[in-house]
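Enquirer: What follows is a structure written as structure tokens; I'll ask about it next.
Protein chains: 2
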Amino acid sequence: MSKFEIPKTVNPDLDIERKNASFNPDEMAAFFWGKQEIVEMKRMIEQEIYSDLDDPLTHEFASYEDMASIAIKHAVAATKKLRAIQDRINPGGSEVYPTLMGGPVGAALMPAGNPFAVHLVMFTRALKGQGTPEQYEKFGRRADNCEIIGTFAQTELGHGTYLRGLEARADYDRKTQEFVLNTPTMTSYKWWPGGLGHTCNYCIFVAQLYIDNEAKGIHMFVVQVRDEETHMPLPGVHVGEIGKKLGMNGVNNGFLGLKDYRVPRMNMLMKNQQVLADGTYIKSPVSQLSYFPMVYVRCMVAIGNALMLAQGATVVTRYSVVRRQSPIDENEPEPKVLEHLTQQMKVIPEIATAIAYRLAAANLYLLYNQTAKDISRKDFSRLPELHALACILKVSCSYDSTFGIERLRQSCGGHGYLLAANLGNLFATATAACTYEGENSVLYLQVGKILMKVWADVLEGKKLMPTMAYFAECGQMTQFPNWTGTWDCLVKALQFACVGATRVAHRSYSARLKAGQSQPVAVNNTALELTKAAELHGRVNVAGNFYQEVVNGKGKDKRSPQFQKVLENLLELHLIQTFFRHLGDILRFVRVTENEISALQVRMEEALITLRPDAVAITDGFDFHDKVLSSALGSYDGNVYERLFDAALKHPLNKKPVPDFFEKYLKPFMKENAIKAKAKL
Amino acid sequence: MSKFEIPKTVNPDLDIERKNASFNPDEMAAFFWGKQEIVEMKRMIEQEIYSDLDDPLTHEFASYEDMASIAIKHAVAATKKLRAIQDRINPGGSEVYPTLMGGPVGAALMPAGNPFAVHLVMFTRALKGQGTPEQYEKFGRRADNCEIIGTFAQTELGHGTYLRGLEARADYDRKTQEFVLNTPTMTSYKWWPGGLGHTCNYCIFVAQLYIDNEAKGIHMFVVQVRDEETHMPLPGVHVGEIGKKLGMNGVNNGFLGLKDYRVPRMNMLMKNQQVLADGTYIKSPVSQLSYFPMVYVRCMVAIGNALMLAQGATVVTRYSVVRRQSPIDENEPEPKVLEHLTQQMKVIPEIATAIAYRLAAANLYLLYNQTAKDISRKDFSRLPELHALACILKVSCSYDSTFGIERLRQSCGGHGYLLAANLGNLFATATAACTYEGENSVLYLQVGKILMKVWADVLEGKKLMPTMAYFAECGQMTQFPNWTGTWDCLVKALQFACVGATRVAHRSYSARLKAGQSQPVAVNNTALELTKAAELHGRVNVAGNFYQEVVNGKGKDKRSPQFQKVLENLLELHLIQTFFRHLGDILRFVRVTENEISALQVRMEEALITLRPDAVAITDGFDFHDKVLSSALGSYDGNVYERLFDAALKHPLNKKPVPDFFEKYLKPFMKENAIKAKAKL
């Protein structure tokens, strides 16, 4: 075998880790994905759909134009494959298609990103959820069938978070019973919608509705942007790509300008509000539902980003037991880098964090489904709580996964910088979630405002939402109870810190209100303290939820003692790491002695050392297919160096020994320098 | 004027900021770059060299192969331009060429990165510094003239930080008076050197020297890898590109394998150690100097990364006064996003941090030059201190700039994700510095080890190096003196926290030594506490240095009162932000009451609000040319939206209305779906 060929066997350094693990990773897989049956279905599907994929680096070496073409090819192939499986195993269901088009499976099938993503997640859902049955028949069914491809054109070049600021307008023309759509300024151009550039022929155009020049608020209009036969932009439509990005360059994000573009009255989605033929406007009766779809998307973001962090942790854990560097004892050979305590600290807490978010997101999704059922019975009581939880989880999970993945990437040294490691792409995808679907700072402030309301309720002795109940409990105590250092104590310390931060923020906020500031001005001036309180509320939720799952989780009785021990070790690490991460916030309100802090330092180091031998098995248990990881550093077989070489040799510059630029630029330059040097002598 | 044309005038929202500034940004420019004359020379050069540059997005849309060619073209042009200016203004000097090839000017000239960078920074310097005069005549002069292009081939596929682990070998053949060079394993292939792929025809090959199979340690050998006329790899040479990366894709990083490749004895660099013709080995007499060149490079990294953070802060500050979003008071129009306190907190502290690092790096460079002079007089006394400072500054500056740039990018919402913002590239360049030139965790540990020595010296009452003197001072106090909240108090609190962390680490470390662990094993087991102490030592240095520069700096008397006030506000913000960032580390060892903490919170908010009106002028004072910033969001004229549109319209997909992928993939897919749907009815 040549030294560059990828061995068919598992690298012994990785193999031994699996042999020495204390538990069976299949148990982790069932825990991590929710159920054994889900894992089995996932494996069955992945075996079927990954056999004929292009090399994932192909699009990276292509010109931007070719790359766009490759992305469309992949999206079409992915859709066909997943629909076929769905039709076979559960016709009409949605667990395979479209669910798997997002997340890890979608990333494997469409490594440059999915230009149909917004079509699937928002265009079809809005037609169904916001359209009348007739509108669904006219547009929705064709969209579901992918006879047409659409997107959701809301964000504008100059307007994002603040929806009421959108400038695009739809004027009702009573005479023709049409809406006249316009983007009257440059800043009102739609900007960002996925697939809008050159993929879609339809979109939902979000605009201010005007009847007789009177604004009626934001509404949705179905707009055809390209001819179905020729794909040429229709008259009055200015559409194109917005340019290259940090990542997801196959998504074909686009811009759209409309000039006096007319659509029939029935192209406005009219399920909840209507414009009658004579121009009479009928308002939506259910305004509190307007943010319910966003809750769903934020829940999906949290799940998606938790999985990305888990992917990153898998890659880096495997690499860290294959890579050898720097003897710990100078007389010994170079150890696996995971023997270095600093490397353990970079990798293992991210494993625990990924699990903590995975569990929190799964529980949020349960609450979402429960609330959806409540809503169908006209019970809206849990909506505010769900909203707050979805905001906070979306924010903290997107931040922690983004910066976690970057730290993991850095922990691979230079090799993490290669695209073949696939950690850079993971980062680029994860970080996008910090600014889309509700910019993180804005969401933090929304939660901060909710906490001000909660604290006011505490002061008035009102009943709190279940996930806020700890505010009343901690608020009643003048001092933190005895420090015991137990998990319960650690969660309680976080709660105490959050309540303290909320109380402090409320003090500043009330003082500003009393001084005559309006509520929104006072919110802005207190924004830093509100953000801090919101951040801590997020920590309380994730840590508290992890604690409950490990100690009292539903499936606890069925866990093997070995696996339960692993979960407890992960919980121990996560709670102590969170304690140190928020040491300042805690010490501000909770007295912890230097000895108690030092004891936690020792426990954290012990947790790392205890988890070290199981690190590979835990991440094996995340059950990511090699095609999902798509990483020379993190494949299941651990043949890191051969795979790095293999990736390098595929590089287009390596196809010929001398590149064209030598004769064109390099040689004339060097020769000219030689001639000049000679002339000087 | 069409709505997409870029106005020739400055955006009024940016213009008004400049009119309302409290000071003249030219004063900041002279302060930031060190001297008025430096700023003037910089401006003169930039005006001359930027007139004919390609669009910086061109290479982003090209195939990888074309991009490599563009990078070489740019590198050749940049070299010619800067050499011509150098020859004109100060022949034989180095302030223009090669100095400006790195840093902001180089980034403007070579937006895909510089494939000659290692040639300039390491190949030519090593030939001069490590070669004999004859060797310089033979290789160095030609390298300086760019008649040949070389690189520095040290890192291997399987070996980085730990130099002694390198596997490449050079066996001396007494008979032919040659070295036989080999990379005997796959992991011994050289991997990473910039320009090695297809640019260089020479390199310095770093290998274990063997004489009669006896290892003599790491040595450097000049190796020709490609024919000077044909550029074909020479027999025995296997060379190529290592693949696409997160950034700097024009750098042409390469791999190199050698098989029984022979070079004459005089190709080993012999200034400090020699192999005589008969195989006699003569050791270097100055081993303590081996890390001196690394100190220089780390100093350059700190300067470079401080400038990158300043660039990012400039872009985002300008964007933040043009972008309007979300009313603070619902009755008012949407304000500039910089009116939001959360945005101020994201942007203004990064401005202060960039200045703090710029000052710290400049002082480190002074110390480096002083030490270089000392060394030439055989005085090595300040070398350990310089080494520690260079390590710590490289680490903290690379980390803080990397994560700072990413936070800045996120603070632009979605638009920061576009390459046209040029914040993604800045991040990719900054983060590379976290792992090259000494991996950050390894450097932290080196400093941590030095601190263990320092603490032992404190316990023994020994004299400390000047930048460590605070360990003795704080170590003598049993308790922190009265909290006053002054700048002095804030710096002292950081010192106290660092000394506390060092003491705690030393306690753990000594206990492990006493328990019988070897020194390196005890270091590994104490690594987390050592890292924490090292991190805090870095903070002390940067914050303390900033404080000294503002309060007692050399040019202080010449500063206008307005500018001095701005510097003081920046210092105030930086010190309080650092306090909150390390609140836990401080509260662990320093008693600060809740009221005192709240007072600092108020001061931090006030500092933000005070600095807000000067934010644009301060970043204007960083004096970055538009070609350096290369950002649609951050150009001097603030015509953000027109420039975003301009960048989008250049996109290759926008050159024709319908992309090829429509007929090829999309249309057949949609039509087929329509036919199937009909068949089902």
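Which chain is which? The protein sequence lines are A and B, in order.
In terms of full-length UniProt numbering, the first sequence opens at residue 1 and continues consecutively.
In terms of full-length UniProt numbering, the second sequence opens at residue 1 and continues consecutively.
Glycine residues also receive a C-beta, built at the ideal position from the N, C-alpha and C atoms.
1. From asparagine 182/B to alanine 168/B, what does the alpha carbon distance come to, in whole angstroms?
2. Cβ closer than 7 Å: which chain A residues qualify as neighbours of proline 7/B?
3. At the level of alpha carbons, what is the spacing between serine 398/A and arginine 539/B?
4. State the CB to CB distance for the pair tryptophan 191/A and isoleucine 242/A, rounded to an integer number of angstroms; the pair is presumed to be in contact (CB under 8 Å).
5. Can you list, in chain order, the residues of the region 69 to 86 of chain B whose Cβ is nearer than 7 Å to any Cβ on chain A?
6. Within a Cβ cutoff of 6 Å, which residues of the same chain sit near methionine 1/B, ignoring the five residues on either side of it in sequence?
7. Check this for me: beta carbons of isoleucine 211/B and tyrosine 281/B, under 7 Å apart or not?
8. Are the C-beta of isoleucine 450/A and some C-beta of chain B separated by less than 7 Å?
9. Check whether the Cβ of glutamate 65/B lies closer than 7 Å to any Cβ atom in chain A.
10. Taking the DSSP output, what are the residues bridged to histidine 506/B?
11. Which bits of chain B does serine 518/A rub up against, with CB to CB less than 7 Å?
12. Please report the straight-line C-alpha distance between glutamine 273/A and alanine 215/A, rounded to a whole angstrom.
13. With three or more beta-carbon pairs closer than 8 Å as the criterion, would you say the region 612 to 627 of chain B touches the region 169 to 180 of chain A?
14. State the beta-bridge partners of glutamine 47/B as determined by DSSP.
15. Over what stretch of residues does the beta strand (DSSP E) that includes arginine 588/B continue unbroken?
16. Relative to the C-alpha of valine 499/B, which candidate in His574/B, Glu535/B, Gln517/B and Ser510/B has its C-alpha closest?
17. For chain B, check one thing: does any of its Cβ atoms lie closer than 7 Å to the Cβ of tyrosine 641/A?
18. Please report the straight-line C-alpha distance between glycine 254/B and alanine 679/A, rounded to a whole angstrom.
19. For a contact meaning CB atoms closer than 8 Å, what does phenylalanine 31/A contact in chain B?
20. Give a yes or no on contact between the region 142 to 157 of chain A and the region 123 to 133 of chain A, applying the rule of three or more CB pairs nearer than 8 Å.
21. Of the residues Val322/B, Phe645/B, Thr317/B and Asn201/B, which one's Cα is nearest the Cα of aspartate 620/B?
22. Hey, could you find the ends of the alpha helix (DSSP H) histidine 159/A is sitting in?
23. Who are the near neighbours of aspartate 227/B in its chain, counting only those whose CB is closer than 7 Å to its CB and skipping five residues on each side?
24. For leucine 611/B versus asparagine 569/B, is the C-beta distance shorter than 7 Å?
25. For isoleucine 204/A and chain B, any beta-carbon pair shorter than 7 Å?
26. Just to confirm my understanding: we take threonine 124/A, look at its own chain, exclude 5 residues before and 5 after, and list those with CB closer than 6 Å. What are they?
27. In the DSSP assignment, find the beta strand (DSSP E) that holds histidine 74/B and state where it starts and stops.
28. Would you mind working out which of Asn11/A, Ala107/A and Ala21/A sits nearest isoleucine 49/A, comparing C-alpha positions?
29. Are the C-beta of valine 658/B and some C-beta of chain A separated by less than 7 Å?
30. Kindly indicate which residue of Val301/B, Gln344/B, Pro327/B and Ile609/B has the alpha-carbon position closest to the one of residue 718/B.
31. If you run the structure through DSSP and keep just helix, strand and coil, what is tryptophan 33/A?
32. Measure how close the beta-carbons of methionine 186/A and tyrosine 470/B come, nearest whole angstrom, since I'm counting them as under 8 Å.
33. Taking the C-alpha atoms as reference points, what is the distance between alanine 277/B and valine 222/B?
34. Can you grab the Cα-Cα spacing for the pair proline 56/A / leucine 419/A, in whole Å?
35. Give the residues from the region 426 to 447 of chain B that approach chain A closer than 9 Å (Cβ to any Cβ), ordered along the chain.
36. Go ahead and pull the three-state DSSP assignment for valine 602/B.
Expert: Put simply:
1. Taking the first residue of the second sequence as position 1, residue 182/B is located at position 182. Taking the first residue of the second sequence as position 1, residue 168/B is located at position 168. Annotation: asparagine 182/B to alanine 168/B spans about 6 Å, alpha carbon to alpha carbon.
2. To locate residue 7/B, count along the second sequence from 1; it is residue 7. The premise fails here: proline 7/B is roughly 11 Å from chain A at the closest Cβ pair, so nothing lies under 7 Å.
3. The sequence position of residue 398/A within the first sequence is 398, counting from 1. The sequence position of residue 539/B within the second sequence is 539, counting from 1. Computed Cα separation, rounded: 28 Å.
4. Counting from one through the first sequence, the residue named residue 191/A turns up at place 191. Counting from one through the first sequence, the residue named residue 242/A turns up at place 242. About 6 Å separates the two Cβ atoms, so the contact holds.
5. Those would be Ser69, Ile72, Lys73 and Val76, in chain order.
6. Mapped onto the second sequence, residue 1/B falls at position 1. Since pLDDT at methionine 1/B reaches only 47, below the 50 mark, its modelled position is unreliable, and no value is offered.
7. Against the second sequence, residue 211/B aligns to sequence position 211. Against the second sequence, residue 281/B aligns to sequence position 281. Result yes, Cβ atoms of isoleucine 211/B and tyrosine 281/B sit closer than 7 Å.
8. Position 450 of the first sequence, counted from the start, is the residue given in the question as residue 450/A. Interface criterion not met: the Cβ of isoleucine 450/A is under 7 Å from no Cβ in chain B.
9. For this step, residue 65/B is matched to residue 65 along the second sequence. Judged by the 7 Å Cβ criterion, glutamate 65/B is in contact with chain A.
10. Along the second sequence, read from residue 1 onward, the residue named residue 506/B stands at position 506. Its beta-bridge partners do not exist; DSSP assigns none.
11. As a first step, residue 518/A is located in the first sequence; it is residue number 518 there, counting from the start. Going along chain B in sequence order, the residues near serine 518/A (Cβ under 7 Å) are Asp329.
12. Working through the first sequence from its first residue, we reach residue 273/A at position 273. Working through the first sequence from its first residue, we reach residue 215/A at position 215. The alpha-carbon atoms of glutamine 273/A and alanine 215/A are separated by roughly 14 Å.
13. No contact exists between the region 612 to 627 of chain B and the region 169 to 180 of chain A.
14. In the second sequence, residue 47/B corresponds to position 47, counting from 1. Glutamine 47/B pairs with nothing; no bridge assigned.
15. Counting from one through the second sequence, the residue named residue 588/B turns up at place 588. Taken as a continuous stretch (DSSP letters only), arginine 588/B belongs to no beta strand (DSSP E), as it is neither H nor E.
16. Looking up residue 499/B in the second sequence gives position 499. For valine 499/B, the nearest C-alpha among the options comes from Glu535/B.
17. Counted from its first residue, the first sequence places residue 641/A at position 641. The Cβ of tyrosine 641/A sits closer than 7 Å to at least one Cβ of chain B.
18. Position 254 of the second sequence holds residue 254/B. Position 679 of the first sequence holds residue 679/A. Using only the alpha carbons, I get a separation of about 34 Å.
19. Looking up residue 31/A in the first sequence gives position 31. What phenylalanine 31/A touches in chain B: nothing, since even the nearest Cβ is about 29 Å away.
20. The answer is yes - the region 123 to 133 of chain A touches the region 142 to 157 of chain A, with three or more Cβ pairs under 8 Å.
21. For this step, residue 620/B is matched to residue 620 along the second sequence. The candidate whose alpha carbon is nearest that of aspartate 620/B is Thr317/B.
22. Along the first sequence, read from residue 1 onward, the residue named residue 159/A stands at position 159. Unbroken run through histidine 159/A: none, as it is neither H nor E.
23. On the second sequence, residue 227/B is found 227 positions in, with the first residue counted as 1. Here the set comprises Leu234.
24. For the purposes of this step, residue 611/B is identified with residue 611 of the second sequence, where counting begins at 1. For the purposes of this step, residue 569/B is identified with residue 569 of the second sequence, where counting begins at 1. Cβ atoms of leucine 611/B and asparagine 569/B: closer than 7 Å.
25. As a first step, residue 204/A is located in the first sequence; it is residue number 204 there, counting from the start. Cβ-Cβ to chain B under 7 Å: no for isoleucine 204/A.
26. As a first step, residue 124/A must be located in the first sequence, where it is residue number 124. Taking C-beta separations shorter than 6 Å and ignoring five residues to either side along the sequence, the partners of threonine 124/A in its chain run Ala143 and Asp144, following chain order.
27. For the purposes of this step, residue 74/B is taken as residue 74 along the second sequence, with counting starting at 1. Unbroken run through histidine 74/B is the alpha helix (DSSP H), 64 to 89; no beta strand (DSSP E).
28. For the purposes of this step, residue 49/A is taken as the residue at position 49 of the first sequence. Answer by Cα proximity: Ala107/A.
29. The residue given as residue 658/B occupies position 658 in the second sequence. At least one C-beta of chain A is nearer than 7 Å to the C-beta of valine 658/B.
30. Residue 718/B cannot be examined here, being either before or after the span of chain B that is shown, 1 to 681.
31. Your numbering for residue 33/A matches position 33 in the first sequence. The three-state reading of DSSP puts tryptophan 33/A in helix, counting H, G and I together.
32. Residue 186/A sits at position 186 when you count from the first residue of the first sequence. Residue 470/B sits at position 470 when you count from the first residue of the second sequence. Actually they are not in contact, since the Cβ atoms of methionine 186/A and tyrosine 470/B sit about 56 Å apart, beyond 8 Å.
33. In the second sequence, residue 277/B corresponds to position 277, counting from 1. In the second sequence, residue 222/B corresponds to position 222, counting from 1. Rounded to whole angstroms, alanine 277/B to valine 222/B spans 17 Å at the Cα level.
34. Within the first sequence, numbered from 1, the residue matching residue 56/A stands at position 56. Within the first sequence, numbered from 1, the residue matching residue 419/A stands at position 419. So the two alpha carbons sit approximately 10 Å from each other.
35. Within the region 426 to 447 of chain B, the residues whose Cβ lies closer than 9 Å to some Cβ of chain A are Phe427, Ala428, Thr431, Ala432, Cys434, Thr435, Tyr436, Glu439, Asn440, Ser441, Val442, Tyr444 and Leu445, listed in chain order.
36. Working through the second sequence from its first residue, we reach residue 602/B at position 602. In the three-state reduction of the DSSP assignment, valine 602/B falls in the helix class.
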